[in-house]
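In this note's numbering, the protein residues as written are 63 to 319.
Here is the structure we will look at.
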Amino acid sequence: MRTISRRKLLSQTLTLAGATAAGLPLVGTGLGANGSAPTRKLKVVVVGGHPDDPESGCGGTIARYTDLGHEVAIIYLTRGEAGIDGKTHAEAAAIRSAEVLKACEILKARPVFAGQIDGSTEISPARYAEFRKVLEAEKPDIVLTHWPVDTHRDHRAASLLVYDAWLHLKPRFALYYFEVMTGEQTQQFPPSLYVDIAATECRKRAACFAHVSQNPDEWYPHHDQMNRFRGLECGCTFAEALVRHVQSPGFEGLADT
């Protein structure tokens, strides 16, 4: 068994602590006096493959942003057309779109639908250009989307569409990745930032449970375990983990916190 010195262990612990300070990306010094109100209102866009992905991946983070007065738009690549057994695509899309409205109301976010089809998402020059227009119209300061190493092709498609837009849009937005169903879907996810969601976990849970058609009582326990484990990693009760693209820009008067 390989041993490790106390000095080396302390060094690694301090390094980890420095990388896992619980907070919100690019918010800290943008707050007003006593943290009362933001002096710089951010436009945050969250992109998910299906209804319930943004809520389960970073619903607590979304709620923290909106509670501080920042604007959050959630872009759903699809309407979850293939997500309800026994329903046609049109029927499932109608049900799941209504669930999105309820979830976004809970999180105080605005839904946007990108127009692709659940299970049949596409990556092509035309789709890249199409999605880039959708994202550009939102004029985001920050975008959060799926980690690209994921077993679900729709999640991978969403991630690649966002990344392509990030490469082309000027000025570039700050890019972060979230995780969903880690181990089962998201894989090899190396957190670089943790967001303390102890104050908003209940709203994240409620937003996920707004997706009644998806039987959240069956899958939310997985996310509950993730929230608790990420909390353990950064020293709080519940947390969500993010990966920051290392070339993401900063903003004057703002900093990761």
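Just so it is clear, CB atoms sit at the ideal spot from N, CA and C, and this is done for glycine as well.
Given the structure is predicted, the values throughout are model-derived calculations rather than measurements.
Practice task
Have a look at A83 and A260 and give me their C-alpha separation to the nearest angstrom.
Solution key: Note that A83 scores a pLDDT of 46, beneath 50, so its modelled location is shaky and nothing firm can be said.
Exercise for the section: Ignore the nearest five residues each way along the sequence and tell me which others in K70's own chain have a CB closer than 6 angstroms to its CB. Expected result: At K70 the pLDDT is 44, less than 50, meaning the model places this residue with poor confidence and gives no usable figure here.
Exercise for the section: Sort A303, G245, D216 by Cα distance to L206 and report the nearest one. Expected result: A303
Handout entry: For R172, the residue or residues it bridges with in DSSP
Key = A135
Handout entry: Span of the alpha helix (DSSP H), counted from its first residue to its last, around F240
Key = Counting along the chain, F240 falls outside any alpha helix (DSSP H), though it belongs to the beta strand (DSSP E) covering 236–240.
Exercise for the section: Whole angstroms is fine: what's the gap from R215's alpha carbon to E184's? Expected result: 9 angstroms
Exercise for the section: Just tell me which of V106, E133, A144 has its CA closest to the CA of Q276. Expected result: A144
Exercise for the section: Have a look at F193 and I168 and give me their C-alpha separation to the nearest angstrom. Expected result: 26 angstroms
Problem - Three-way DSSP call (helix, strand, coil) for K149 in this model - result: coil
Problem - Between the CA atoms of P202 and D279 - distance to the nearest angstrom - result: 33 angstroms
Practice task
Just grab the DSSP bridge partners of E302 for me.
Solution key: V257
Problem - Nearest-angstrom Cα separation, counted from L163 out to A171 - result: 9 angstroms
Handout entry: Selection from C264, G293, S221 that minimises the alpha carbon distance to I124
Key = C264
Practice task
Pull up the distance between the alpha-carbon of A135 and that of T150, whole angstroms please.
Solution key: 28 angstroms
Exercise for the section: Spell out whether any CB of chain C is found under 8 angstroms from the CB atom of P116. Expected result: This model lacks chain C altogether; it includes just one protein chain.
Handout entry: Beta-carbon contacts of F300 that lie in its chain and below 6 angstroms, excluding the five residues immediately before and after
Key = I259, A260, E263, N289, G293
Exercise for the section: With a 10 Å radius around its C-beta and 16 neighbouring C-beta atoms as the bar for buried, classify L255 as buried or exposed. Expected result: buried
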